[in-house]
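Asks: Pasting a structure below so you can have a look.
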Amino acid sequence: AKLDGRATYRFFEPEMDARMQARRRLELDMRQGLARREFQLHYQPQLQLEGNRLVGCEALIRWNHPERGMISPLDFIPLAEEIGLIVPIGEWVMRQACRDAMTWPTPLTVAVNVSPAQFKSERLVEMVMSALAASGLPATRLEVEITEGVLLQENAKTLQTLHRLRELGVRVSMDDFGTGYSSLSYLRSFPFDKIKIDRSFVSDLSANRDGVAIIRAIAGLGKSLGMTTVAEGVETHDQMERIRTEGCTDVQGYLISRPVSATELLAFLSSEHPP
Ligand code: C2E
Ligand code: CA
Ligand code: CA
Ligand code: CA
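Whatever position you read off the sequence shown (first residue = 1), add 271 for full-length UniProt numbering.
In structure tokens:
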């Protein structure tokens, strides 16, 4: 039996090895990248439909790797999450986003994505308080975006953390709404300030009539619960007009602006006619 086991193990070994090595490499690169300040934040504006007013910006991390160039968060956040490295990376994001927001000429909110592993760490609330204090940003200008993943590990502690953030004045948004299994029941367990309707529903708008019905239902739900509803991934005027008609309050997407560097954002906000 022992011999058989060995033979099987050997058979898979080279492939496993290559994957493990790639992971190990990425992990080392991420640790080094953090120390060497290779991460950057880009910002994507959010527009309130009523009055066409910019109300906030979402911070989105980028990794400018010395050899591989710009790496998308989709290619490193999952591993960072798995090995817990998201905690120091997320702390850097929070501190940098609060500092950047303080340089903006108008008091827009800054939205920061916070992952499940960060919620498990004991220090999250203290870290947020420290980032606010160090930057001078009022808590009411900070928004935390969480996905269902955070609430999946729902327990008294997760809810307590959310409530503590809210008591500070920090807003809480439910990201990627509608993509998980229990989006609705989470709205019952926690009073979010904002619902972000996942991009997939927005792209469905042009494709079929059910898409419209879903957006209408979520917008109505948000309205009755007193929550802001943001449609994500708005790329066309047609989509924006439908979203307006169905009653969503805000939009975010390439139509308004792609995510831009902090420098570009500042130039844009300081220009005489921001959109
Ligand atoms: P997300 O939080 O759902 O962010 C929205 C994503 O949609 C961003 O991708 C954004 O660039 C993209 N997007 C915005 N408008 C449009 C549009 O009109 N069309 C299309 N096709 N895409 C649009 P990005 O920047 O690649 O980020 C991907 C994901 O990585 C984020 O999804 C978020 O889950 C994660 N992420 C990014 N930054 C952070 C961070 O600082 N911390 C954590 N924990 N996760 C992050
Ligand atoms: Ca987000
Ligand atoms: Ca999203
Ligand atoms: Ca997403």
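We put the CB at the ideal spot given by N, CA and C, even for glycine.
Tell me the rounded alpha-carbon separation between Glu393 and Val473.
Replies: Computed Cα separation, rounded: 36 Å.
Asks: Nearest by alpha-carbon distance to Glu419: which of Ser401, Val443, Pro530 and Arg435 is it?
Replies: Glu419 has its Cα closest to that of Val443, out of Ser401, Val443, Pro530 and Arg435.
Asks: Is any non-hydrogen atom of ligand 3 found closer than 7 Å to the C-beta of Lys467, if you look at the structure I gave you?
Replies: Yes - ligand 3 has a heavy atom lying nearer than 7 Å to the Cβ of Lys467.
Asks: Rank Gly304, Leu476 and Met400 by C-alpha distance to the C-alpha of Leu436 and give the top, closest one.
Replies: Among Gly304, Leu476 and Met400, the Cα nearest to that of Leu436 is on Met400.
Asks: Between the region 514-521 and the region 300-311, are three or more C-beta pairs nearer than 8 Å?
Replies: Because the criterion of three Cβ pairs below 8 Å is not met, the region 514-521 and the region 300-311 do not touch.
Asks: Under 8 Å, do Val383 and Glu353 count as touching if we go by C-beta distance?
Replies: Contact flag unset, no.
Asks: Quick check: is any heavy atom of ligand 2 less than 7 Å from the C-beta of Asp446?
Replies: Result yes, Cβ under 7 Å from ligand 2.
Asks: Where does residue 549 land, buried or exposed, given buried means 16+ other C-beta within 10 angstroms?
Replies: Nothing about residue 549 can be read from this structure; the chain reaches only from 272 to 546.
Asks: Is it true that the region 405-413 meets the region 336-355, where meeting means three or more beta-carbon pairs spaced less than 8 Å apart?
Replies: In short, these stretches do not touch, since the Cβ pair count stays below three.
Asks: Just the Cα atoms here: how many angstroms apart are Ile489 and Arg296?
Replies: About 42 Å.
Asks: Over the uninterrupted beta strand (DSSP E) stretch that includes Glu435, give me the two end residues.
Replies: In the sequence as displayed, the identity of residue 435 is Arg instead of Glu. Note, Arg435: premise wrong, no beta strand (DSSP E); alpha helix (DSSP H) at Ala427 to Leu439.
Asks: Where do the ends of the beta strand (DSSP E) carrying Val370 lie?
Replies: First, the residue type needs correcting, since residue 370 is Arg and not Val in the sequence shown. It is not in any beta strand (DSSP E) - Arg370 instead sits in the alpha helix (DSSP H) that spans Ile357 to Thr374.
Asks: Answer with buried or exposed for Thr374, where buried requires no fewer than 16 other C-beta atoms within 10 angstroms of its C-beta.
Replies: Under this definition Thr374 is an exposed residue.
Asks: Please determine, among Ala478, Asp446, Gly340 and Val501, the residue with the shortest C-alpha to C-alpha distance to Pro387.
Replies: Taking only the C-alpha atoms, the option nearest Pro387 is Asp446.
Asks: For the beta strand (DSSP E) that Gln510 lies in, which residues bound it at each end?
Replies: Premise fails: Gln510 lies in the alpha helix (DSSP H), His508 to Glu517, not in any beta strand (DSSP E).
Asks: Do you know how far the Cα of Glu414 is from the Cα of Lys465?
Replies: Roughly 9 Å separates the two Cα atoms.
Asks: Mapping DSSP to helix, strand and coil, what is Tyr525?
Replies: Reduced to three states, the DSSP call for Tyr525 is coil.
Asks: Could you tell me the distance, in whole angstroms, from the CA atom of Ser541 to the CA atom of Leu433?
Replies: Cα to Cα, the separation comes out at about 34 Å.
Asks: Per DSSP, Leu325 forms a beta bridge with which residues?
Replies: In DSSP, Leu325 forms a bridge with Leu318.
Asks: Report the residue from Ser495, Leu430 and Leu476 whose alpha carbon sits nearest the alpha carbon of Gly504.
Replies: Measuring from the Cα of Gly504, the nearest candidate turns out to be Leu476.
Asks: State the Cα-Cα distance for the pair Arg515 and Met287, rounded to the nearest angstrom.
Replies: Taking the straight line joining both Cα atoms gives about 50 Å.
Asks: Using 7 Å as the cut-off, classify the Cβ of Glu419 as near or not near the heavy atoms of ligand 2, replying yes or no.
Replies: No.
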